[in-house]
Ligand code: GCU
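In this note's numbering, the protein residues as written are 72 to 713.
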């Protein structure tokens with residue numbers, strides 16, 4: 072076996088599966104053939120029957136696995152459900168779980184489980200840290216990389232069924248005929264694995280590509296252009312999924328350029344996709360330099376439009392109201408749109424979490440958002456329930472995440488970043504699975520089932536997100552990254568004359584009195600975007616959770632925290648704890664050498680070294696800078712800045 076990480080979690084026993092006569096299946100199709108091949112290559116258990124069963128329609132792409140006498144029967148309405156069932160039993164086998172007496176019913180939490188690739192047509196990836204793009208646009212449509220199919224298989228194995236191929240900062244060229252022909256080739260390869268292709272589109276395409284006078288959504292010529300484009304796309308790709316749109320955000324064109332609303336823009340596109348069953352994922356990531364708190368802007372723009380969107384439009388909302396920070400309060404738009412479908416956008420690629428250098432397991436971050444109670448329909452109105460159709464029957468439910476995949480051998484840059492791709496897929500399939508269960512499965516599948524490895528490594532993974540928060544931005548601090556690349560600390564960044572909303576000093580507001588962004592009634596009043604009782608809880612310094620304290624409050628340096636320390640001391644100890652934990656991870660990993668191949672051992676070891684150095688850098692930079700305001704001593708028992 073190659074140990075370069077290229078096999079991801081798909082390390083099943085090779086070419087050692089059951090013979091063809093142990094697989095009972097009617098029919099023959101590309102998807103069924105993949106299912107059969109996987110079993111013949113890797114399944115070492117009992118006889119298997121694969122049955123399509125139209126009565127299982129309510130499982131919406133799910134499946135059942137049942138032990139019937141001496142065989143296992145996998146049933147599903149659709150063939151893709153059978154393939155998912157096959158990957159399920161292979162996972163059970165690989166994790167040494169029971170494969171007898173099974174009575175499993177699986178129904179996905181979301182209809183559309185989608186990766187957003189921020190890949191550009193020139194092969195670069197926005198915020199990509201695993202090499203260049205997997206899509207070789209220059210070689211397509213003629214030359215086909217074997218990795219296209221490997222990618223599809225990896226996604227299918229965890230239930231991901233959709234991919235946006237290109238950057239949200241979309242080139243109009245994506246919709247050019249020659250590019251669509253390339254896209255068609257990828258769509259054909261992905262189809263048997265149940266993956267639909269979607270594209271990010273540039274709102275100015277009619278003008279730039281079609282030579283029209285403008286791209287005004289109410290202009291009949293513009294509407295006609297999109298209609299023709301849709302027809303051209305669907306001729307090539309009959310199951311094309313739809314469009315993802317970043318409009319009037321960070322300089323991208325949009326309907327507001329013509330005095331129209333997001334709804335006007337989204338609906339125009341929804342109308343042309345509707346006859347083919349396509350959808351529009353319209354992003355709510357909008358903000359502009361203004362006096363208004365950035366955390367409030369999307370809410371202000373979108374809430375008045377509630378109910379004005381077509382039923383094949385979903386508003387795609389980042390988990391937090393600022394931008395994929397190590398920790399944010401959840402985005403108050405969730406639950407605020409009562410008559411409009413909403414979906415979460417997570418970021419798997421670690422733009423704000425140490426790129427592919429830091430080991431940060433993201434399942435706890437994803438779960439924190441999904442489990443957040445918005446109180447929109449009373450207690451228990453979690454983001455999971457708002458977006459999965461439980462609380463508001465959605466025509467179509469979806470969940471997305473910005474991919475961390477590139478053409479690196481190990482796909483994701485850091486071996487442990489594979490776990491974040493895996494975790495997103497597993498949670499998109501079933502948001503009820505715990506972070507621990509997912510880590511457990513992933514470790515067993517990717518490394519070993521030796522307890523001496525699993526337990527310490529799992530502990531390291533499960534604490535790693537909080538550790539990163541501690542050494543970067545504890546207690547609700549946010550966006551104090553170096554500008555542009557977002558790798559290291561730059562809390563002193565003050566882009567006078569530039570955009571204040573891109574300046575770290577705007578976010579931490581440190582001064583002689585204290586630190587933190589006042590979002591209470593005396594400040595920006597962003598707390599009022601939250602439903603009661605959250606507005607009160609967050610708005611009151613005494614009841615605000617301490618891990619969001621500086622998100623919502625400007626707090627005096629000598630403020631007494633729950634454990635009796637002053638805010639300054641608490642902040643100092645948090646940074647120090649972050650550093651100490653990473654050093655602990657290094658020790659843990661060093662002890663894992665006997666249980667892991669040398670190649671991956673050394674790779675992770677050297678990355679942890681970088682992470683430890685970076686953690687110290689963060690701690691020293693932030694504490695020394697903030698100390699210029701607090702004028703308080705760094706506690707004697709924490710490591711001195713050098
Ligand atoms: C962040 C990121 C950008 C990206 C943007 C988006 O601001 O830094 O690179 O384009 O998010 O999500 O649209």
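Idealized CB from N, CA, C, for every residue including glycine.
Keep in mind it's a predicted model, so treat the numbers as computed, not measured.
*Could you tell me the boundaries of the alpha helix (DSSP H) in which residue 441 lies?*
Looking up residue 441 in the chain shown gives position 370. Its alpha helix (DSSP H) spans residues 434-441.
*Should residue 240 be listed as close to the ligand ATP, given that the test is whether its C-beta is under 7 Å from any heavy atom?*
Absent from the structure shown: the ligand ATP. Ligands present: the ligand GCU.
*residue 222 and residue 205: beta carbons closer than 8 Å?*
Along the chain shown, read from residue 1 onward, the residue named residue 222 stands at position 151. Along the chain shown, read from residue 1 onward, the residue named residue 205 stands at position 134. Yes, Cβ-Cβ distance for residue 222 and residue 205 is below 8 Å.
*Output yes or no for whether 8 Å exceeds the beta carbon distance between residue 466 and residue 412.*
If you number the chain shown from 1, residue 466 lands on position 395. If you number the chain shown from 1, residue 412 lands on position 341. Their beta carbons are under 8 Å apart, which means residue 466 touches residue 412 by this criterion.
_Assigned secondary structure, residue 526 (DSSP; H/G/I helix, E/B strand, else coil)_ = Within the chain shown, the letter at position 455 stands for residue 526. Correct three-state label for residue 526: helix.
*Please specify which runs of the beta strand (DSSP E), each continuous and at least 3 residues long, are wholly inside the region 271-358, giving them in chain order.*
The qualifying runs are 313-316 and 350-354.
_Along the chain, where does the beta strand (DSSP E) containing residue 137 start, and where does it finish?_
Position 66 of the chain shown, counting from 1, holds the residue named residue 137. That run of the beta strand (DSSP E) goes 134-139.
*Identify the continuous alpha helix (DSSP H) that holds residue 674 and give its terminal residues.*
The residue you call residue 674 lines up with position 603 of the chain shown. In the DSSP assignment, residue 674 falls within the alpha helix (DSSP H) that extends over 669-701.
*Reduced DSSP category for residue 243 - H, G, I as helix; E, B as strand; rest coil*: Along the chain shown, one-based indexing puts residue 243 at 172. Correct three-state label for residue 243: helix.
*asked:* So, at 8 Å on beta carbons, what are the nonlocal neighbours of residue 81 in its own chain, with the 5 sequence-adjacent residues on each side left out?
replied: One-based indexing of the chain shown puts residue 81 at position 10. Once the five neighbours on either side are set aside, the close Cβ partners of residue 81 are 224, 225, 228 and 516.
*Within the region 477-519, note down every full beta strand (DSSP E) run reaching 3 residues or more, in order along the chain.*
Considered as a whole, the region 477-519 harbours no complete run of any beta strand (DSSP E) with no fewer than 3 residues.
*Kindly examine the ligand GCU and report whether one of its heavy atoms sits closer than 7 Å to the Cβ of residue 405.*
Taking the first residue of the chain shown as position 1, residue 405 is located at position 334. Every heavy atom of the ligand GCU is 7 Å or more from the Cβ of residue 405, so no.
*asked:* Counting only beta-carbon separations shorter than 8 Å, does residue 163 have a partner in chain C?
replied: Annotation note: the requested chain C is absent from the structure, which comprises a single protein chain.
_Buried versus exposed, by CB contacts within 10 Å (16 or more), residue 443_ = Counting from one through the chain shown, the residue named residue 443 turns up at place 372. Residue 443 should be labelled buried.
_Burial state of residue 485 (16 or more Cβ within 10 Å)_ = Locating residue 485 in the chain shown gives position 414, counting from the first residue. Residue 485 comes out buried.
_With H, G and I counted as helix, E and B as strand and the rest as coil, what does DSSP make of residue 608?_
The sequence position of residue 608 within the chain shown is 537, counting from 1. Residue 608: helix per DSSP, three-state reduction.
*Skipping 5 residues on each side, what residues in its chain have a beta carbon closer than 6 Å to that of residue 590?*
The count along the chain shown starts at 1 and reaches residue 590 at position 519. Correct list, in chain order: 597, 598 and 623.
*Please list, in chain order, all residues of the same chain as residue 177 whose beta carbon is under 6 Å from its beta carbon, the five residues on each side excluded.*
Looking up residue 177 in the chain shown gives position 106. 133 and 134, listed in sequence order.
*Own chain partners of residue 500 with C-beta closer than 6 Å, once the 5 adjacent residues on each side are dropped*: Numbered from its first residue, the chain shown carries residue 500 at position 429. Cβ neighbours of residue 500 beyond the five flanking positions: 179 and 230.
*Could you name each continuous alpha helix (DSSP H) segment of 4 residues or more that falls completely within the region 89-113, going from the start of the chain to the end?*
Within the region 89-113, the runs of alpha helix (DSSP H) that reach at least 4 residues and sit entirely inside it are, in chain order, 101-113.
*asked:* So for residue 175, helix, strand or coil by DSSP?
replied: Taking the first residue of the chain shown as position 1, residue 175 is located at position 104. DSSP places residue 175 in strand when its eight states are reduced to three.
*Going by DSSP, which residues form a beta bridge with residue 126?*
Stepping through the chain shown from its first residue, residue 126 is reached at position 55. None, per the DSSP bridge assignment.
*When DSSP builds the beta bridges, which residues end up paired with residue 145?*
By 1-based counting over the chain shown, the position of residue 145 is 74. Answer is 121 and 136, bridged to residue 145.
*Identify the continuous beta strand (DSSP E) that holds residue 184 and give its terminal residues.*
Translated into positions along the chain shown, residue 184 becomes position 113. Per DSSP, residue 184 belongs to the beta strand (DSSP E) from 183-187.
*How big is the Cα-Cα spacing for residue 186 and residue 504?*
As a first step, residue 186 must be located in the chain shown, where it is residue number 115. As a first step, residue 504 must be located in the chain shown, where it is residue number 433. For residue 186 and residue 504, the distance between alpha carbons rounds to 19 Å.
*In DSSP terms, what residue 190 is bridged to*: The residue you call residue 190 lines up with position 119 of the chain shown. DSSP lists 196 as partners of residue 190.
*State the Cα-Cα distance for the pair residue 274 and residue 350, rounded to the nearest angstrom.*
Against the chain shown, residue 274 aligns to sequence position 203. Against the chain shown, residue 350 aligns to sequence position 279. Looking at the two C-alpha atoms, the distance is approximately 16 Å.
*Could you name each continuous alpha helix (DSSP H) segment of 4 residues or more that falls completely within the region 552-589, going from the start of the chain to the end?*
575-579
*asked:* Check for me: the beta strand (DSSP E) holding residue 471 runs from which residue to which?
replied: Within the chain shown, residue 471 is the residue found at index 400, counting from 1. Per DSSP, the continuous beta strand (DSSP E) segment holding residue 471 begins and ends at 469-473.
*Among 85, 695, 686 and 129, which one has its Cα closest to the Cα of residue 428?*
Stepping through the chain shown from its first residue, residue 428 is reached at position 357. Residue 686 is the option with its Cα nearest to residue 428.
*Could you spell out where the alpha helix (DSSP H) holding residue 252 opens and where it closes?*
Position 181 of the chain shown, counted from the first residue, corresponds to residue 252. Residues 248-261.
*Would you call the CB atoms of residue 587 and residue 547 closer than 8 Å?*
In the chain shown, the residue the question calls residue 587 occupies position 516. In the chain shown, the residue the question calls residue 547 occupies position 476. For residue 587 and residue 547, yes; Cβs fall inside 8 Å.
*Below 8 Å between beta carbons: does that hold for residue 627 and residue 540?*
Along the chain shown, one-based indexing puts residue 627 at 556. Along the chain shown, one-based indexing puts residue 540 at 469. Their beta carbons are not under 8 Å apart, which means residue 627 does not touch residue 540 by this criterion.
*asked:* Is residue 474 a contact residue of the ligand GCU, with contact defined as CB to any heavy atom under 7 Å?
replied: As a first step, residue 474 must be located in the chain shown, where it is residue number 403. Answer for residue 474: no, Cβ out of range of the ligand GCU.
*asked:* Our contact map puts residue 137 next to residue 112 with C-beta atoms below 8 Å; I'd like the distance itself, whole angstroms only.
replied: Along the chain shown, read from residue 1 onward, the residue named residue 137 stands at position 66. Along the chain shown, read from residue 1 onward, the residue named residue 112 stands at position 41. Rounded to the nearest angstrom, the Cβ distance from residue 137 to residue 112 is 23 Å, too far for a contact under 8 Å.
_Is residue 365 near the ligand GCU - that is, is its Cβ less than 7 Å away from at least one heavy atom of it?_
Translated into positions along the chain shown, residue 365 becomes position 294. No, the beta carbon of residue 365 sits no closer than 7 Å to any heavy atom of the ligand GCU.
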